[in-house]
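Heads up: the sequence shown begins at 22 in our numbering, then just goes up one per residue.
Input: a single structure, listed below in structure tokens.
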Amino acid sequence: MDNILPEEAPVLFLINGGMGLTKPPKVEQWDGLIEICLMDNDISKLPISPSCPKLQKLFLGRNYKLRIIPPPFFDHMPALQVLNLSRTSIKSLPESLFKLFNLRRLFLNHCALITTLSPKIGELEQLEVLDLEGTEIMYLPKEVGKLTNLTCLEVSFFEPASRRTLEQSHEIIPCGTISALSLLEELNIDVRSDDNLWNASAGEVASEICRLQRLHTLKFHFPRVELLSYFNWDGEKMSPSLSYFRFTVGHLVERIISQLSCDAELELERYDRYLKYVNGEDIPGEIKKVLRHSTAFFLDRHWTISKLSDFGYRNMQQLKCLVAGECNNLQAIIDGDQIESPSSDATVGLVSLEYMHIYCMKNLRSIWEGAVNNSSFYSLKYLTFSTCPELTTIFTPGLLANFSNLEELIIDSCPKITSLVSCYRCDDKITFILPALKRISLHFLPKLASISNGWLISPRLELMSFQYCKNLKSLPISKAFNENLRKIEGEHSWWQELKWEDTHQDSWDDIFVPID
Numbered sequence: 022m023d024n025i026l027p028e029e030a031p032v033l034f035l036i037n038g039g040m041g042l043t044k045p046p047k048v049e050q051w052d053g054l055i056e057i058c059l060m061d062n063d064i065s066k067l068p069i070s071p072s073c074p075k076l077q078k079l080f081l082g083r084n085y086k087l088r089i090i091p092p093p094f095f096d097h098m099p100a101l102q103v104l105n106l107s108r109t110s111i112k113s114l115p116e117s118l119f120k121l122f123n124l125r126r127l128f129l130n131h132c133a134l135i136t137t138l139s140p141k142i143g144e145l146e147q148l149e150v151l152d153l154e155g156t157e158i159m160y161l162p163k164e165v166g167k168l169t170n171l172t173c174l175e176v177s178f179f180e181p182a183s184r185r186t187l188e189q190s191h192e193i194i195p196c197g198t199i200s201a202l203s204l205l206e207e208l209n210i211d212v213r214s215d216d217n218l219w220n221a222s223a224g225e226v227a228s229e230i231c232r233l234q235r236l237h238t239l240k241f242h243f244p245r246v247e248l249l250s251y252f253n254w255d256g257e258k259m260s261p262s263l264s265y266f267r268f269t270v271g272h273l274v275e276r277i278i279s280q281l282s283c284d285a286e287l288e289l290e291r292y293d294r295y296l297k298y299v300n301g302e303d304i305p306g307e308i309k310k311v312l313r314h315s316t317a318f319f320l321d322r323h324w325t326i327s328k329l330s331d332f333g334y335r336n337m338q339q340l341k342c343l344v345a346g347e348c349n350n351l352q353a354i355i356d357g358d359q360i361e362s363p364s365s366d367a368t369v370g371l372v373s374l375e376y377m378h379i380y381c382m383k384n385l386r387s388i389w390e391g392a393v394n395n396s397s398f399y400s401l402k403y404l405t406f407s408t409c410p411e412l413t414t415i416f417t418p419g420l421l422a423n424f425s426n427l428e429e430l431i432i433d434s435c436p437k438i439t440s441l442v443s444c445y446r447c448d449d450k451i452t453f454i455l456p457a458l459k460r461i462s463l464h465f466l467p468k469l470a471s472i473s474n475g476w477l478i479s480p481r482l483e484l485m486s487f488q489y490c491k492n493l494k495s496l497p498i499s500k501a502f503n504e505n506l507r508k509i510e511g512e513h514s515w516w517q518e519l520k521w522e523d524t525h526q527d528s529w530d531d532i533f534v535p536i537d
């Protein structure tokens with residue numbers, strides 16, 4: 022009996038991502054495929070009109086050298102459902118793309134050279150995802166309102182200076198466009214600078230958003246606080262019911278240099294419900310209502326607030342991340358006298374807060390004023406104070422117990438601080454402080470003479486970093502106590518001048534790393 026060889030299985034996928042290709046595969050290789058991935062390559066040219074009758078998914082993203090798509094490129098891709106052109110250098114979309122009547126997902130995010138979107142986009146009626154984030158389009162065509170199957174729309178707007186001299190014949194988002202997209206679940210609208218057209222349109226867009234019953238994710242810039250009133254923030258539930266939001270409220274001003282550290286910016290982005298309040302005055306009731314539902318809060322350049330607790334403890338109970346900067350009238354973080362009594366129905370203080378970053382506070386003098394309770398900051402793990410020229414004290418003895426879960430402490434450019442703890446050790450029952458601390462960084466503190474005023478620091482300590490702390494002559498560490506300490510950073514000359522009580526300098530030399 023003759024041997025019968027099995028037929029070779031047809032190739033359905035072509036996955037050549039990240040291979041450094043400068044040319045696409047030969048056109049005959051495209052035929053019969055259902056998925057092609059050529060992402061993360063150096064491809065600059067595509068075949069004119071490949072025959073791909075079965076192709077459903079095409080990934081061309083992150084080919085930064087790709088500038089032009091041939092006009093008939095999509096003519097023979099009738100089954101295409103997913104198209105990724107993100108992070109390419111294309112300036113426009115070919116006419117053949119608008120004949121992809123089965124297209125479900127179109128990714129153009131970070132195609133920074135695209136400035137207009139053709140009205141023919143409305144012909145892609147099956148589209149469910151349209152990602153225009155990071156493009157330079159100036160407005161959405163009204164035909165986007167025909168995309169009634171959209172569940173996700175992401176868009177960025179950019180207003181060049183020259184735009185103001187042009188005749189304004191378009192609304193940034195035409196009236197009725199958003200409300201027509203009744204199936205929307207995710208809507209992200211990014212406005213990078215103070216856009217006059219957006220300021221004029223935001224109210225109408227906000228009112229239309231409120232009609233979207235399926236919406237659960239929203240990124241939005243409210244140029245005026247009163248626009249928040251379109252939403253229902255009262256009680257435990259929001260309307261629309263949002264499980265994820267990124268809200269910027271206030272008058273945006275483009276800055277050449279941001280004082281906010283990259284670490285803090287990344288931390289804010291980790292949270293599902295993030296409120297940024299910028300260039301504010303007073304404390305509007307609508308801000309308090311949104312804050313009650315937020316897990317991350319960025320207070321950027323508030324002009325009148327003197328204490329962060331003025332926002333109300335009831336409204337900050339869910340906060341896990343707090344970042345505040347450039348609030349020139351701020352003098353303290355917490356006013357203990359404002360805290361409701363334990364008998365009230367409000368949980369006391371900032372009980373959920375895990376991350377706090379305070380920077381560029383011209384008049385900040387202390388963390389806490391008034392009566393101390395034992396619940397605020399109890400969950401705090403990461404604490405940073407940077408560029409606070411009037412700050413003199415971080416911890417008082419009565420406040421230390423509140424920071425028993427603190428894992429990382431960073432103090433930078435606070436020239437008046439002489440000690441992290443305000444008075445010398447007076448309780449012999451307590452031998453060490455900050456029991457969970459693992460990392461401490463003290464930089465540019467020229468008057469710092471003592472870290473803890475007699476107490477040892479955490480047995481869990483792993484890293485100590487110092488820079489320009491020229492008056493600091495001793496460290497509160499012990500070989501027997503700080504067995505987990507793995508690294509001490511600082512200037513070599515400073516290290517040589519340190520004084521040691523219970524041990525010798527050379528016993529720590531193996532973990533010292535000079536930074537100069």
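Cβ coordinates follow ideal geometry from the N, Cα and C atoms, glycine included.
What you are looking at is a predicted structure, and each value in this text was computed from that prediction instead of being measured.
Cβ-Cβ distance between residue 87 and residue 54 below 8 Å: Sequence index remark: in the sequence shown, residue 87 carries index 66 (1-based). Sequence index remark: in the sequence shown, residue 54 carries index 33 (1-based). Not in contact: residue 87 and residue 54 (Cβ atoms no closer than 8 Å).
Starting from residue 287, trace the alpha helix (DSSP H) in both directions and tell me its first and last residue. As a first step, residue 287 is located in the sequence shown; it is residue number 266 there, counting from the start. Looking at the DSSP string, the run of the alpha helix (DSSP H) that includes residue 287 is 283-290.
Does any heavy atom of the ligand FMN sit closer than 7 Å to the C-beta of residue 305? For the structure depicted, the ligand FMN is absent and the ligand set is empty, with no information on it obtainable.
DSSP three-state call for residue 87: helix, strand or coil? Taking the first residue of the sequence shown as 1, we reach residue 87 at position 66. Reduced to three states, the DSSP call for residue 87 is coil.
Where residue 40 falls, given that 16 or more other Cβ within 10 Å makes a residue buried: If you number the sequence shown from 1, residue 40 lands on position 19. Classification for residue 40: exposed.
Quick one: is residue 324 buried, meaning 16 or more other Cβ sit within 10 Å of its Cβ, or exposed? Your numbering for residue 324 matches position 303 in the sequence shown. With fewer than 16 other Cβ atoms within 10 Å, it is exposed.
Under a three-way DSSP split, which group does residue 165 fall into? As a first step, residue 165 must be located in the sequence shown, where it is residue number 144. Helix at residue 165.
DSSP three-state assignment for residue 123, whether helix, strand or coil: As a working mapping, residue 123 is identified with position 102 in the sequence shown. Coil.
Counted within 10 angstroms of its Cβ, other Cβ atoms place residue 162 as buried (16 or more) or exposed: Taking the first residue of the sequence shown as 1, we reach residue 162 at position 141. By the 10 Å Cβ count, residue 162 comes out buried.
Identify, in the order they occur along the chain, each residue of the same chain with its Cβ nearer than 6 Å to the Cβ of residue 313, setting aside the five sequence neighbours on each side. As a first step, residue 313 is located in the sequence shown; it is residue number 292 there, counting from the start. Closer than 6 Å at the Cβ level, and outside the excluded window around residue 313, lie 336.
Quick check on the burial criterion: 16 or more other C-beta atoms within 10 angstroms. Buried or exposed for residue 534? In the sequence shown, counting from the first residue as 1, residue 534 sits at position 513. Label assigned to residue 534: exposed.
How should residue 210 be labelled, buried or exposed, when 16 other C-beta atoms within 10 angstroms of its C-beta is the threshold for buried? By one-based count along the sequence shown, residue 210 stands at place 189. It is buried - the Cβ of residue 210 has at least 16 other Cβ atoms within 10 Å.
Apart from the five residues just before and just after residue 517, which ones in its own chain have a Cβ nearer than 6 Å to its Cβ? As a first step, residue 517 must be located in the sequence shown, where it is residue number 496. So no residue of the chain qualifies.
Near residue 144, which residues of its chain fall below 7 Å by C-beta distance, leaving aside the five closest residues on each side in sequence? To locate residue 144, count along the sequence shown from 1; it is residue 123. Correct list, in chain order: 119.
Same chain only: Cβ atoms within 6 Å of residue 71, ignoring 5 sequence neighbours per side: Mapped onto the sequence shown, residue 71 falls at position 50. Taken in chain order, the residues that qualify are 48, 51.
Exposed or buried, residue 297, counting other C-beta atoms within 10 Å across all chains shown (16 or more means buried)? Taking the first residue of the sequence shown as position 1, residue 297 is located at position 276. Buried is the call here.
With a Cβ-Cβ cutoff of 8 Å, do residue 469 and residue 439 count as a contact? The residue you call residue 469 lines up with position 448 of the sequence shown. The residue you call residue 439 lines up with position 418 of the sequence shown. Their beta carbons are under 8 Å apart, which means residue 469 touches residue 439 by this criterion.
Rounded to the nearest angstrom, what separates residue 261 and residue 230 at their Cα positions? Start at 1 with the first residue of the sequence shown, and residue 261 comes out as number 240. Start at 1 with the first residue of the sequence shown, and residue 230 comes out as number 209. Residue 261 and residue 230: Cα-Cα distance of roughly 8 Å.
Limits of the beta strand (DSSP E) - the one that residue 461 falls within: The sequence position of residue 461 within the sequence shown is 440, counting from 1. Element bounds for residue 461: 460-464.
For residue 306, count the other beta carbons within 10 Å of its own beta carbon; 16 or more makes it buried, fewer makes it exposed. Which is it? The sequence position of residue 306 within the sequence shown is 285, counting from 1. The residue is exposed, with fewer than 16 neighbouring Cβ atoms inside 10 Å.
Using a threshold of 8 Å, state whether the C-beta atoms of residue 115 and residue 91 are closer than that. As a working mapping, residue 115 is identified with position 94 in the sequence shown. As a working mapping, residue 91 is identified with position 70 in the sequence shown. For residue 115 and residue 91, yes; Cβs fall inside 8 Å.
What do you get for residue 322, buried or exposed, if any count of 16 or more other CB atoms within 10 angstroms of its CB means buried? Against the sequence shown, residue 322 aligns to sequence position 301. Buried, because 16 or more other Cβ atoms sit within 10 Å of the Cβ of residue 322.
Mapping DSSP to helix, strand and coil, what is residue 393? For the purposes of this step, residue 393 is taken as the residue at position 372 of the sequence shown. Three-state DSSP puts residue 393 in coil, outside helix and strand.
Reducing DSSP to helix, strand and coil, say where residue 329 ends up. In the sequence shown, residue 329 corresponds to position 308, counting from 1. Note: residue 329 maps to helix in three-state DSSP.
So is residue 536 buried or exposed if we call it buried at 16+ other beta carbons inside 10 Å? As a position in the sequence shown, residue 536 is number 515, starting the count at 1. Exposed is the call here.
Taking residue 506 as the reference, which of 493, 220, 532, 487 has the closest Cα? Residue numbering aside, residue 506 sits at position 485 when the sequence shown is read from its first letter. Looking at the Cα atoms, 532 is the closest of the given residues.
According to DSSP, residue 535 sits in a beta bridge with which residue or residues? Taking the sequence shown and counting its residues from 1, one reaches residue 535 at position 514. Residue 535 pairs with 511.
Which residue's Cα is closest to the Cα of residue 338: 400, 291, 389, 328? Position 317 of the sequence shown, counted from the first residue, corresponds to residue 338. The option with the nearest alpha carbon to residue 338 is 400.
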